[in-house]
Amino acid sequence: MAGLVIASANLIDLDHLLADPIFDPNRCSIGFHLLHGWEAALAYALMLLVPRWYVRAFAVGALWHLAVDYGDCTMMAL
């Protein structure tokens, strides 16, 4: 069950639907999309303090998602 909650953190990619174009292979998501900024990362980190396991699991998934996106941005810069 926790794995499903962690995987559901990929729903933060729904903010890509607000961008024009929706998909740009040369665009870094970090800092561009609403749910991929430092404010969102801070909110996800604060969610780790909530005593409900599913909130913490979602936060772990969202932070992992941001870490993977950051790695992708770093690789694009090379």
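In the working numbering, the protein residues as written are 216 to 293.
Quick reminder that beta carbons are idealized off the backbone N, C-alpha and C, glycines included.
Assigned secondary structure, residue i (DSSP; H/G/I helix, E/B strand, else coil)
{"i": "aspartate 228", "result": "helix"}
{"i": "alanine 234", "result": "coil"}
{"i": "methionine 262", "result": "helix"}
{"i": "serine 223", "result": "helix"}
Proximity below 8 Å, CB of residue i to CB of residue j
{"i": "tryptophan 268", "j": "alanine 217", "result": "yes"}
{"i": "glycine 276", "j": "alanine 222", "result": "yes"}
Same chain, Cβ closer than 6 Å to residue i, five either side skipped, listed in chain order
{"i": "methionine 291", "result": "none"}
First and last residue of the uninterrupted alpha helix (DSSP H) at residue i
{"i": "histidine 248", "result": "It is not in any alpha helix (DSSP H) - histidine 248 carries neither H nor E in the DSSP assignment."}
{"i": "cysteine 288", "result": "268–292"}
Sequence-distant residues of its chain with Cβ nearer than 7 Å to residue i (five each side left out)
{"i": "histidine 248", "result": "Asp230, His231, Ala234"}
{"i": "glutamate 265", "result": "For the sequence presented, residue 265 should be read as valine rather than glutamate. For valine 265, where only same-chain residues beyond five positions count, the Cβ hits under 7 Å are Arg271."}
Contact belief for residue i with residue j at Cβ below 8 Å, rounded distance in angstroms
{"i": "isoleucine 245", "j": "leucine 281", "result": "7 Å"}
{"i": "leucine 278", "j": "alanine 256", "result": "7 Å"}
{"i": "isoleucine 227", "j": "leucine 261", "result": "In fact, because the Cβ distance is near 15 Å, the residues do not count as touching under 8 Å."}
Other residues of its chain near residue i: CB distance less than 8 Å, five sequence neighbours each side excluded
{"i": "asparagine 225", "result": "Gly276, His280"}
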